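Residue numbers (the working numbering), protein chains in the order written: chain G, 1 to 178; chain W, 179 to 356.
Reviewing the structure listed below.
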C-alpha cells in the first residue's frame, strides 16, 4: 500500500515528453477529436494537465506538509476551456512540461521520507487521505489521461477499420461520455 | 469512410518514439506489470508490435497490391513470448522503431492513390477487407496498445491511490483479461 517515490517520479517526469512526442504537430483531425459529446479532445486534456500542475498536486502536497486541518480547496476541472483559449497545442505542451519540471524540482526539494508519505490531509469530498495516495493519484491521473488521448484518437477511425473493428477492443471502451 | 494516408502516417511514425519516451529505462515495477493473469505487460506489448511490423501490416498490404485472391496468412499473436526472450525492453523498442521506419519507407515508395485504398483482400476470418481498412487498423492497433500500456501501468497503483480510486476511471476499465 505504500509507494516508492522514485518509481512515482519515473512516470511523472516522462509524461510531458510522452504527450509531446505523440501530439506535437499532429494533424487537427487527431488533436481536436472527441469520443462523444461532452468528452475531451487531446488538446483539452493537455490544457487540463497543465491546470492540475498549477492548482492540484503541489498545492495540496504543501497543504498536507503544512499540517493544515481544513480541507483542500476544491478544483476547477474545466478551467482549461477558458485558460487554453487562443493557445496552440504546442504552447500548452511546452507550458505543461515547464510546470511539471518545476513541480518535480519542488517535490525533490521537500526530501520526503517514507514516513511523510503517511501524513494526512482532508479532501473536500473524499475525506481523510494520505500524502502517499496523493502522489499515487498524480501518477495514475497522468496515465489515465494518456490512455484517454490514445482512445480518443483511435475512435477517429472507428468506422474506417471495417470488419477489423471486431478485434480492436479499444473502440468499445467508454462508448459514452463520463 | 475513407482514410487520408498522410493523417494515418502522422500517427504511425510517432508510435515508436512515444513508447520509447514512456518506457525507456522505466523501473521494472512498471515495465513488467500486468493487469491480470493472461494479460500483457508493457514489455510484452512492445514485442508484439515488433512482430506485427514483421508479419502483419506490410506483408498483408503487399498481398493486396499483388492482387492475391487467397486469404492472408494467419498471424501468430503470441510470437513475442518466444522471440523477445533474452532481449531487453530497450532492444525491443529500438528494433520496433527501425522496423516501423523501414515499413513506412516501403509504404511511401508504393505511392498509393486514394483508389488503391479501395483495393480488396481476403482476411482468413473476417472475409472481404479493403487496403484502406488495413491501414486504418494499423493506426488503431498502435493506439489500442498505447492505451493498454498506460492502463496496465496505472493499475500498479490501484490500491495506493486510496479514496481517489473513485475518480480514476481507468482503474475500472478491463478488470478482466481479454
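In this text, a Cβ means the ideal position worked out from N, Cα and C, and glycines have one as well.
It should be emphasised that the depicted structure is a prediction, and the values quoted were computed from it without experimental measurement.
query, result
"Amino acids of chain G, ordered along the chain, whose beta-carbon sits closer than 9 Å to that of residue 310 of chain W", "160, 162"
"Residues that DSSP places opposite residue 184 of chain G in a beta bridge", "Within the shown structure, residues of chain G are numbered from 1 to 178, placing residue 184 of chain G beyond reach of any answer."
"Ordered list of beta strand (DSSP E) runs contained in the region 191-263 of chain W, each at least 3 residues", "none"
"Pairwise C-alpha distance: residue 18 of chain G and residue 200 of chain W", "6 Å"
"Touching by the beta-carbon criterion (3+ pairs, under 8 Å), the region 141-159 of chain G and the region 32-39 of chain G", "yes"
"Assigned secondary structure, residue 351 of chain W (DSSP; H/G/I helix, E/B strand, else coil)", "coil"
"Where residue 219 of chain W falls, given that 16 or more other Cβ within 10 Å makes a residue buried", "buried"
"Residue environment, residue 280 of chain W, which counts as buried when at least 16 other CB atoms sit within 10 Å", "exposed"
"Among G:13, G:10, G:44, G:81, the one whose alpha carbon lies nearest that of residue 145 of chain G", "G:44"
"C-beta neighbour in chain W for residue 108 of chain G, strict 9 Å", "no"
"Limits of the unbroken alpha helix (DSSP H) element including residue 267 of chain W", "267-288"
"Contact under 9 Å by Cβ, residue 186 of chain W with residue 283 of chain W", "no"
"Contacts that residue 199 of chain W makes with chain G (C-beta to C-beta distance below 7 Å)", "14, 17, 18, 21"
"Residue 183 of chain W (DSSP reduced to helix, strand or coil)", "helix"
"Rounded distance between the beta-carbons of residue 329 of chain W and residue 147 of chain G, thought under 8 Å", "5 Å"
"Chain W residues whose Cβ lies nearer than 9 Å to that of residue 123 of chain G", "341, 342"
"Residue 194 of chain W to residue 227 of chain W span [Cα, whole Å]", "9 Å"
"Minimum C-alpha distance to residue 169 of chain G - residue among W:251, W:318, W:240", "W:318"
"Proximity of residue 299 of chain W and residue 312 of chain W at Cβ, strictly below 9 Å", "yes"
"Under 7 Å (Cβ pairs) to chain W, residues found in the region 24-48 of chain G", "26, 27, 29, 30"
"Nearest neighbour of residue 126 of chain G, chosen from G:71, G:25, G:115 [CA to CA]", "G:71"
"Alpha-carbon to alpha-carbon, residue 25 of chain G and residue 91 of chain G", "11 Å"
"Interface residues of the region 132-150 of chain G facing chain W [CB-CB below 9 Å]", "132, 133, 134, 135, 136, 137, 139, 140, 141, 142, 143, 144, 145, 146, 147, 148, 149, 150"
"Coarse secondary structure for residue 346 of chain W, derived from DSSP in three states", "coil"
"Minimum Cβ-Cβ distance from residue 113 of chain G to chain W less than 9 Å", "no"
"Under 9 Å by beta carbon: chain W residues contacting residue 171 of chain G", "318, 322"
"Nearest neighbour of residue 163 of chain G, chosen from W:286, W:308, W:265, W:251 [CA to CA]", "W:308"
"DSSP-derived helix/strand/coil call for residue 161 of chain G", "coil"
"Contact set between residue 305 of chain W and chain G, taken where Cβ atoms lie within less than 8 Å", "163"
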